[in-house]
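**Student:** Chains as they are written, first to last, in this note's numbering: chain R, 1079 to 1619; chain B, 40 to 569. Ideal Cβ placement from N, Cα and C applies to all residues, glycine included. Please read these numbers as outputs of a predicted model, since none were measured by experiment. Here it is: the structure, laid out below.
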């Protein structure tokens, strides 16, 4: 272990606990990076509760969302409406399971009844393992998502153990065909290169500093024998499970290279993969690699030598000393001086999930609309979000490569990969022409955002300056220019004196749902939000 | 009449007359380095994603005994193919491209690939778009690196009054990785030039930190989106299509659907016609990953692949005819690529799995050779996992396009692509001049005359004036683009030199002679042996 890394958490160290002022801006920063699209109420609660209590809340193990269900009557004739399909065979017509899964995933993301890191971590894992590929069925995809939800803030070693024999991963990286006669190196390679040690500099033919080609071949042999049950789209009740087939397992000794201490892996049968993982976890490179991934996801893409020495190394030490529990690492990172440094506050370009959630969730999404409480509409709405994200180049169950989305690894652009001229225009169109449009429809039902609910949730809705400032706090990462602020105010006043607002909004609040008072204010707020989401700043968090 | 690239500096060069030579028909081509830097030449890159099955696209007619031994279940009956010549044919659905071929507007480069073929779609796409070796990881695109030499400092300061148009245009949502530069992708993404969206700009509060860097990036993207959208919209409004782009062949499924490639090329033609000065356009077509149902069992001339190739053939032909009708064809060169070819032997699902090399198409009226390279040899002993072996490295194709189409010096091509770059005479037809009777001077101070025969007509001589003692390298290519002779001669000042003696193994015909100086200037000549 390097000496540098043990000199941690002195008072001046960037990873030492944050001791500065805990104001609304800091609370909003923490929530924007952990919850998708925090509301004013959440931000205020976090500020009042303090950093420690907020971290407790965010990192608490949240209940696992109930599984996706059959949401329309015209398919899956062997399942009741409202009942889940995740354990049901593919008997009958199952054409809506894909949409059900997507709708479910996005509705979990959009839920407004808990302040927790679960969904943020779920996508972290989706990107971390980046499983894709055509050999799958919906139940296997659900199983994978459920694993990510369960393990959101779980143990990293346990996660690697479970993913190694997870059916969808076995398909994705050919583990299911890896056998003693014909070892397939695909998973063994990625396990080291991406999931644990990380590929170091190539210093000689086949030697990547942290491991060598010899280790790839040896690990491939050690991982032989895992098979998937014949469940794919099966009409029979074959569970989505993998199993160990000792007949195809290579029982010989596997000699590792000097990079892995010249160790020998002896036959461990169905537990041999755990031996493999223990060896990989005995090197700090694994913890460092993981903590870099966390850092790029939560803080900023650039990791310079200072950050490496004074942030990543201490985090890796924490991970190791806590037996690879992730929570203590997140506590340390999200509660550190470094996390609240001004330079990186607001410096992440939103991915499509954040873009949608940060627009909708602070406005309560559409949960107030009784039309969206209808089971089918709710799923269709969630599915619509999936379509938007796919248009914005994020297909959550089909990452582009096993390395995940370029935003999180591809230098030098990183997060900038989420934006191009066409994608900027698509974002603008989805936000302004669709979601914020007064004529927004979901399958023939018109739905609208709850501006009334938003206005009445503000600290002082009668003072337009405060309305604007509080809205900036919620929706934008930093204060904006005076001219931008004036633009926003003008969208409300439309040239009238600012004092008009007080009278207008009083009537608005007193007469909910009465068109005479509601329409003028709703229309102005709609314009106001259309302007706000058009700011370059809204792309950042 | 050949197209001439206008040269502001042309008057500076002496153009002495040469006595016509018997026995050799010599015509010179321009020093490629003399093409005007503001050349209006355009490259259209067609990405056929999924890995196109080259063997059912460009069919080697002389290999049917091998094909029927190893490819029977998906092979196309010879009589159904569209013949190009005695030994080569196209897929039955590619009649339109055959017409281009007959017309000299389509070139085929056989078996393009790279050593140690990677068979992952994504990785191999990365290799093809970055122009890297199989074991190299390069984040920029080959075209992006070239554009970086033309748009210094981009995106800062662009669009400018000098260069008001986007360097490249990618049709669709995603800036094509081919155009990825060291800093930013050089392509403006265009979904629909008629329906561009203006993004509202406001005055931001900038700050000198990481937040400020990202904010500046977003603002640049927004500003460029708007400025470039304006010129794109203008060009589209001004431009037109002179032909009707056809829908998918009505005999193919699904009925009445648009041709996905044709729709994109139609937009490209309109923007070019309207005067958009972007140097590169990328279009993208998916679906070539034909693991299953590539052909229908009952009729191998039909199936998914037939539909894909029909779309490609119609689209490229309509595009080419559009350009021709508008007098634009000599400005536009097209190139297709796919991340790999497929295996020689089919799988059990009437499809093919990921393979190795495959053909590339060039289209436009400046193509040198109808066919570059030899037919794939189909050996009956190929294994299930064998793909088509490569004859040409894709980087030599790219590099030769840079040399002939964009006037990039060979030394620079080596740094943009790879050190082992080997020039192929693919697209320099339009670089030739109307008059063959010129000496030419290079910017490094050489004057080089026309090759002519010596007293022994097999000897080929040339007049050279070099600045001091130097070496002149030559390479001779046959009509199929194969290098048949290469060496160098020493030259010192002004004089006539023997380049080489025609080897008896070289048959009569037209050859391309490429001459390169020590400091990297190069030019090509045509030599005909009787």
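Applying the 10 Å Cβ sphere with the 16-neighbour rule, what's the burial state of residue 1161 of chain R?
**Tutor:** exposed
**Student:** State yes or no: is the C-beta of residue 552 of chain B within less than 8 Å of the C-beta of residue 506 of chain B?
**Tutor:** no
**Student:** Between residue 1267 of chain R and residue 1292 of chain R, what straight-line distance do the alpha-carbon atoms span, to the nearest angstrom?
**Tutor:** 11 Å
**Student:** Can you check DSSP and say which residues form a bridge with residue 209 of chain B?
**Tutor:** B:228, B:321
**Student:** Could you spell out where the alpha helix (DSSP H) holding residue 567 of chain B opens and where it closes?
**Tutor:** That residue, residue 567 of chain B, is in no alpha helix (DSSP H); its beta strand (DSSP E) goes 561–568.
**Student:** Just checking: is the beta-carbon of residue 200 of chain B within a distance shorter than 8 Å of some beta-carbon in chain R?
**Tutor:** no
**Student:** Could you tell me the alpha carbon to alpha carbon distance between residue 205 of chain B and residue 198 of chain B, rounded to whole angstroms?
**Tutor:** Using only the alpha carbons, I get a separation of about 7 Å.
**Student:** Look at the alpha carbon of residue 1240 of chain R and the alpha carbon of residue 426 of chain B, and state the distance between them as a whole number of angstroms.
**Tutor:** 36 Å
**Student:** Below 9 Å between beta carbons is the criterion; list the residues of the stretch 206–224 of chain B that meet it against any residue of chain R, in chain order.
**Tutor:** 209, 211, 212, 213, 214, 219, 221, 222, 223, 224
**Student:** Quick check on residue 1506 of chain R: does DSSP put it in helix, strand or coil?
**Tutor:** helix
**Student:** If the cut is a Cβ gap below 7 Å, which residues of chain B does residue 1556 of chain R touch?
**Tutor:** 250
**Student:** Using a beta-carbon distance cut-off of less than 7 Å, what residues from the stretch 179–193 of chain B approach chain R?
**Tutor:** none
**Student:** Answer yes or no: does any C-beta atom of chain R fall closer than 8 Å to that of residue 243 of chain B?
**Tutor:** yes
**Student:** With a threshold of 8 Å between beta-carbons, can residue 391 of chain B be considered close to chain R, or not?
**Tutor:** Interface annotation, residue 391 of chain B: not in contact with chain R, CB-CB separation never under 8 Å.
**Student:** Where residue 1129 of chain R and residue 216 of chain B are concerned, what is the direct C-alpha to C-alpha distance, given to the nearest angstrom?
**Tutor:** 43 Å
**Student:** Would the stretch 1439–1453 of chain R and the stretch 110–125 of chain B be scored as touching if the rule is three or more Cβ pairs under 8 Å?
**Tutor:** Taking 8 Å as the limit for Cβ pairs, the verdict is that the stretch 110–125 of chain B does not touch the stretch 1439–1453 of chain R.
**Student:** As a quick exercise: from R:1452, R:1531, R:1563, pick the residue whose alpha carbon is nearest that of residue 1591 of chain R.
**Tutor:** R:1531
**Student:** What residues in the stretch 1495–1511 of chain R bring their beta carbon closer than 8 Å to a beta carbon of chain B?
**Tutor:** 1497, 1498, 1499, 1500, 1501, 1502, 1503, 1504, 1506, 1507
**Student:** In chain order, which alpha helix (DSSP H) runs of at least 4 residues are fully inside the stretch 1232–1279 of chain R?
**Tutor:** Fully enclosed alpha helix (DSSP H) runs of 4 or longer: 1234–1242, 1245–1250, 1264–1268.
**Student:** Shorter than 7 Å, the distance from the beta carbon of residue 1481 of chain R to the closest heavy atom of the ligand COA, or not?
**Tutor:** Among the components modelled here there is no ligand, and therefore nothing to report on the ligand COA.
**Student:** Using a beta-carbon distance below 8 Å, is residue 400 of chain B in contact with chain R?
**Tutor:** no
**Student:** Specify the secondary structure class of residue 473 of chain B as computed by DSSP and reduced to three states.
**Tutor:** Its pLDDT being 34, under 50, residue 473 of chain B is placed unreliably in this model, and the coordinates cannot settle the point.
**Student:** For residue 105 of chain B, which three-state DSSP category applies?
**Tutor:** helix
**Student:** Give me, in chain order, the residues of the same chain whose beta-carbon lies closer than 8 Å to that of residue 408 of chain B; leave out the 5 immediate sequence neighbours on both sides.
**Tutor:** 146, 464, 465, 518, 519, 520
**Student:** What residues of chain D sit near residue 1378 of chain R, judged by a beta carbon separation below 9 Å?
**Tutor:** Any reference to chain D falls outside this structure, whose protein chains are R and B.
**Student:** Give, in chain order, every unbroken run of the beta strand (DSSP E) that is at least 3 residues long and sits entirely within the stretch 1507–1545 of chain R.
**Tutor:** none
**Student:** Leaving out the 5 sequence neighbours to the left and right, which residues in its chain are closer than 6 Å to residue 163 of chain B when beta-carbon positions are compared?
**Tutor:** Excluding sequence neighbours, residue 163 of chain B sits near 157, 378, 379.
**Student:** Work out the CA separation of residue 260 of chain B and residue 254 of chain B for me, nearest whole Å.
**Tutor:** Our two residues, residue 254 of chain B and residue 260 of chain B, have alpha carbons roughly 10 Å apart in a direct line.
**Student:** Beta carbons nearer than 7 Å to chain B: which residues of the stretch 1418–1442 of chain R have them?
**Tutor:** Of all residues in the stretch 1418–1442 of chain R, 1420, 1421, 1422, 1423, 1424, 1425, 1427 have a Cβ within less than 7 Å of some Cβ in chain B.
**Student:** Which of the residues in the stretch 93–104 of chain B, read from start to end, lie with their CB under 8 Å from any CB of chain R?
**Tutor:** none
**Student:** Closer than 8 Å by beta-carbon distance: list the chain R residues that pair up with residue 378 of chain B, in chain order.
**Tutor:** Simply none; closest approach about 13 Å.
**Student:** Can you tell which of R:1287, R:1246, R:1260, R:1282 has the C-alpha that lies nearest to the C-alpha of residue 1307 of chain R?
**Tutor:** R:1246
**Student:** Rounded to a whole number of angstroms, what is the C-alpha to C-alpha distance between residue 523 of chain B and residue 503 of chain B?
**Tutor:** 23 Å
**Student:** If we ignore side chains and look at the alpha-carbon of each, how far apart do residue 417 of chain B and residue 1281 of chain R end up?
**Tutor:** 40 Å
**Student:** Apply the 10 Å Cβ neighbour rule to residue 237 of chain B and answer buried if 16 or more other Cβ atoms are within range, or exposed otherwise.
**Tutor:** exposed
**Student:** Taking 7 Å as the limit between beta carbons, can you name the residues of its chain near residue 77 of chain B, skipping five residues before and five after?
**Tutor:** At residue 77 of chain B the pLDDT is 49, less than 50, meaning the model places this residue with poor confidence and gives no usable figure here.
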